[in-house]
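Going by full-length UniProt numbering, 117 is the number at position 117 of the sequence shown; the sequence numbering is gapless. The C-beta atom is built at its ideal place from N, Cα and C for all residues, glycine as well. Quick caveat: nothing in here was measured; it's all calculated off a predicted structure.
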Amino acid sequence: MNSLQLKARAQLGGTLAGLVIGILIGLAAALAVAVYVSNVPVPFVDRGVTRKPGQDAAEAEHNKGWNPNAGLVGSQEPLPDPTTSGQAGAGPTLLDPGPSEEGAAASDPLGDLVRSKLDDDAPAAPVPVVPDVVAVPAPVPAPAAAPATTQAQPFTFFVQAGAFSSADDANAQRAKVALMGMASQVTEREQSGRTVYRVRLGPFNQRPMAEATRDQLMKGGIDAALVRVER
Numbered sequence: 001m002n003s004l005q006l007k008a009r010a011q012l013g014g015t016l017a018g019l020v021i022g023i024l025i026g027l028a029a030a031l032a033v034a035v036y037v038s039n040v041p042v043p044f045v046d047r048g049v050t051r052k053p054g055q056d057a058a059e060a061e062h063n064k065g066w067n068p069n070a071g072l073v074g075s076q077e078p079l080p081d082p083t084t085s086g087q088a089g090a091g092p093t094l095l096d097p098g099p100s101e102e103g104a105a106a107s108d109p110l111g112d113l114v115r116s117k118l119d120d121d122a123p124a125a126p127v128p129v130v131p132d133v134v135a136v137p138a139p140v141p142a143p144a145a146a147p148a149t150t151q152a153q154p155f156t157f158f159v160q161a162g163a164f165s166s167a168d169d170a171n172a173q174r175a176k177v178a179l180m181g182m183a184s185q186v187t188e189r190e191q192s193g194r195t196v197y198r199v200r201l202g203p204f205n206q207r208p209m210a211e212a213t214r215d216q217l218m219k220g221g222i223d224a225a226l227v228r229v230e231r
């Protein structure tokens, strides 16, 4: 009986000693945490720092124009400060209404596609038939009559390609002229008691025509002369 009581008292004494030791350890831990927290600097609280009145005024002036949304708006212009603007009673700043309905309609590809399909399916308007108009040429006026020659040429012109005493020589010269594509004739005439055979081209009513024929014969190597005969 005595041994059991002693054993129970020993167990009770050990439990109380453990409880006291646990309480002491908890108090020591709480004290250490309180000391650590008191030494750590707390944000927005300056411990042991004395601020000057000028610093408070400068900070207040700086915070007056501070915009908390400056990092969100990016490069947009800052909003006017209502305390510094001259219009104290002005209404709120109007925001950009965004793209108008016309711009939205213009940038609607689906609507454009539907409208284009409707336009294609719609019957085309009849094209008016324009009757063919035949252009009638204006009457061409008749050319004016050439003025009549006031005075007829008093001479007739011949081109003589040579004069020969033999008919054979005259015919040979006539053949040369024919090879050049021109027609000529052989005429006879008494001169100083002898018969002369002349090879002539013509007659020509105009002197320029006779001169052109003479020049052509001379280019072909045939001596020719211009002969003028009265009418």
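Simplified DSSP assignment, three categories, for residue i
i, result
"A163", "strand"
"G193", "coil"
"D56", "helix"
"D169", "helix"
"P109", "helix"
"V37", "helix"
"Q11", "helix"
"L179", "helix"
"L16", "helix"
"A90", "Because the pLDDT of A90 is 47, which lies under 50, any placement of that residue in the model is unreliable, and the question is left without a value."
Beta-carbon gap between residue i and residue j smaller than 8 Å
i, j, result
"Q173", "G181", "no"
"P155", "R228", "With the sequence shown as reference, residue 155 is identified as Phe, and Pro is not the correct amino acid for it. Cβ distance < 8 Å, so F155 and R228 count as in contact."
"G202", "F164", "no"
"N160", "A225", "The sequence shown places Gln at residue 160, not Asn. In this structure, A225 lies closer than 8 Å to Q160 by Cβ."
"I222", "V177", "yes"
Beta bridge counterpart(s) of residue i as assigned by DSSP
i, result
"L226", "V159"
"V115", "The sequence given here places Arg at residue 115; Val does not occur at that position. Paired residues: none, contrary to the question."
"R231", "Paired residues: none, contrary to the question."
"Q185", "R200"
Residue interval of the alpha helix (DSSP H) (run including residue i)
i, result
"P208", "R207 to K219"
Check your understanding: How about the segment 161 to 177 and the segment 193 to 203: do they share at least three Cβ pairs that are nearer than 8 Å?
Key -> yes
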